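Numbering (the numbering used here), first residue to last: 1466 to 1718.
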Amino acid sequence: MLPAQRQDWLVDRLRTEGRLVAKELAAELGVSEDSIRRDLRDMADAGLCQRVYGGAVPVSPAIADYAGRQEVEVPSKHRVAATAAALVQPDSTVIIDGGTTALAVVRALPRRLRATVVTHSPTIAVALVEHSDIGVYLIGGRLFKHSVVACGAVAAEAAQAVTADLFLLGVTGVHHEAGLTTGDAEEAAMKRTLARRAAETYVLASAEKIGAVSRFAVLPLSGVTGIITDAPPEHPGLDRLRATDAPLVSAVG
């Protein structure tokens, strides 16, 4: 089998199994582990996988910049957003993360809802201007332009003054082994800080994020109240999450 053919086979295997283990693949294919590792490096360079110790996992399509993510799985995000918006109770305080799914949540909130929203996303804050009964508190700091959110020490310090009922958390990957991940270390740290300021944390996980992994860990699956997803029941990544007793909340239908 030529290297190009082997890599095509590896991509298909990753899609069906959700993880590649170099040692096992080398034995199965009768090639050296070095050959498999070179294949995985080439695949990672092409954006086809995320390398991890001993092998590779699916890469998240949600690691594109903010503008690019606006066109990814739009109907899926709307389904997740509708379920998440229903969790926001009148007179509650809610932290809303940045990102395109979070923006869809804001658009799904009832126009006359009375609540308080805390966010480190200027985009989310602006989208709430027309909600006359929602008080908005914007956390400032260094603007991370990739996701259009405030991060860094200043933002983290400001977050310490917040106490919320609910945090709606955006991530780029939800994986049965890697947990909840995102593509930037400072953004991951800010998400953890915000999660500590809320009584409950729900993850906004549109279908393309299930089974995918990004570079930096945010929280383990056990660290959140629920993972809201519209992934269909037959989704292989969903089966693996169920096996871990992950707190899944269906947004299907």
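Cβ atoms here follow ideal geometry from the backbone N, Cα and C, with glycine treated the same way. Please read all numbers here as calculations on a predicted model, not as lab measurements.
Runs of beta strand (DSSP E) wholly within the segment 1568-1615 (minimum 3 residues, chain order): 1580-1584, 1599-1603, 1607-1609
One or two residues paired with residue 1545 in a DSSP bridge: According to DSSP, residue 1545 bridges with nothing at all.
C-beta atoms of residue 1608 and residue 1618 nearer than 8 Å: no
Local Cβ density within 10 Å of residue 1480, reported as buried at 16 or more and exposed below that: exposed
Residue(s) in a DSSP beta bridge with residue 1665: 1631
The segment 1548-1558 contacting the segment 1504-1511, beta-carbon criterion three pairs below 8 Å: no
Stretch-stretch touch, CB-based, cutoff 8 Å, three pairs: the segment 1620-1639 with the segment 1495-1508: no
Beta-carbon proximity of residue 1522 to residue 1670, cut-off 8 Å: Not a contact, by the Cβ cut-off of 8 Å.
Stretch pair the segment 1695-1703 + the segment 1624-1634: three plus CB contacts closer than 8 Å: no
DSSP three-state assignment for residue 1525, whether helix, strand or coil: coil
DSSP bridge partner residues for residue 1516 (one or two, in chain order): Residue 1516 pairs with 1521.
Neighbourhood of residue 1672 by C-beta, 8 Å cutoff - its chain only, sequence neighbours within 5 removed: 1538, 1541, 1694, 1695, 1696, 1697, 1700
Beta-carbon spacing of residue 1624, residue 1599 below 8 Å: no
Enclosing beta strand (DSSP E) for residue 1645 [first to last residue]: 1644-1647
Cβ neighbour criterion (16 or more within 10 Å) applied to residue 1477: exposed
Simplified DSSP assignment, three categories, for residue 1563: coil
Local Cβ density within 10 Å of residue 1490, reported as buried at 16 or more and exposed below that: buried
Exposure label - residue 1520; buried when at least 16 CB within 10 Å: buried
Minimum length 3: unbroken beta strand (DSSP E) runs contained in the segment 1679-1716: 1681-1684, 1691-1694, 1713-1715
First and last residue of the uninterrupted beta strand (DSSP E) at residue 1638: Segment 1638-1640, the beta strand (DSSP E) holding residue 1638.
The segment 1654-1665 contacting the segment 1702-1709, beta-carbon criterion three pairs below 8 Å: no
Residue 1553 (DSSP reduced to helix, strand or coil): Of the three classes helix, strand and coil, the one that applies to residue 1553 here is coil, per DSSP.
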